[in-house]
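Peer 1: Pasting a structure below so you can have a look.
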Amino acid sequence: MESIAKTAVSALIAYTAHYTGAKLYNHLCVPDGILGYLQGMVSAGSPVCQAGISVISNTQEHIHL
Numbered sequence: 003m004e005s006i007a008k009t010a011v012s013a014l015i016a017y018t019a020h021y022t023g024a025k026l027y028n029h030l031c032v033p034d035g036i037l038g039y040l041q042g043m044v045s046a047g048s049p050v051c052q053a054g055i056s057v058i059s060n061t062q063e064h065i066h067l
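In the numbering used here, the protein residues as written are 3 to 67.
Right under this line is the structure:
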């Protein structure tokens with residue numbers, strides 16, 4: 003029973019990091035609209051945005067029960 007709880011908590015943490023990373027990336031790096039499209043050309047390569055993509059990519063592999 004304890005291992006099931008640990009697995010569930012780990013999945014919850016991974017999903018929370020994934021969700022938060024995706025929302026922050028969308029808000030900070032590629033906002034909606036034409037201005038977001040233009041901003042994304044410049045900001046998507048920034049270290050902050052690359053870190054966001056890394057979080058999203060790495061956590062998507064660990065979201066499963």
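Glycine residues also receive a C-beta, built at the ideal position from the N, C-alpha and C atoms.
Please give the ranges of any alpha helix (DSSP H) in the region 22-58, keeping only runs that are unbroken, at least 4 residues long and fully inside the region.
Peer 2: 35-45
Peer 1: Compare the beta carbon distance of Gln62 and His20 with 8 Å and say whether it is the shorter of the two.
Peer 2: yes
Peer 1: Below 8 Å, how does it come out for the region 5-19 and the region 32-44: are there three or more Cβ pairs, yes or no?
Peer 2: no
Peer 1: Return helix, strand or coil for Glu4, following the three-state DSSP convention.
Peer 2: When secondary structure is reduced to three states using DSSP, Glu4 falls in the helix class.
Peer 1: Residues in the same chain with beta-carbon distance under 7 Å from Ala46, minus the five sequence neighbours each way, listed in chain order, please.
Peer 2: Cys31, Val32
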